[in-house]
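Single-structure report; data block below.
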């Protein structure tokens, strides 16, 4: 699957575009705010949690606006997988944050 943005020409003010922009803006801000402990392992996990939450938020925008059954199914799978990984990372962080 290609990951470039060429196929994303759409109305810049559509609800989905606004939703994706909001999700990405929040994700990037949260990633930058949390990755500053000096511990590379902790910083990685602290950065990945909002990254995964951003994927969940974007998948929810897809489910609210998208029509393609294959992509909607993919969005549902992303939510399920990313929520599980966030829980795993939060547990790791709780056990290692003081390291």
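Residue numbers (my numbering): 2 to 100.
For glycine and all other residues, C-beta sits at the position ideal for the given N, C-alpha and C.
Here the structure is a predicted model, which is why all the values come from computation and not from measurement.
Relative to the Cα of residue 87, the nearest Cα in the group 28, 22, 21 and 53 belongs to 53.
For residue 33, the number of other beta carbons within 10 angstroms of its own is below 16, and it is reported as exposed. Rounded to the nearest whole angstrom, the C-alpha separation of residue 60 and residue 41 is 28 angstroms.
The Cβ neighbour count for residue 28, taken over all protein chains shown within 10 Å, is at least 16; the residue is labelled buried. Following the DSSP letters along the chain, one finds residue 36 in no alpha helix (DSSP H), marked with neither H nor E.
Short of 6 angstroms from the beta carbon of residue 97, and not among the five residues preceding or following it, lies no beta carbon of its own chain. For residue 56, the secondary structure class from DSSP, reduced to helix, strand or coil, is helix.
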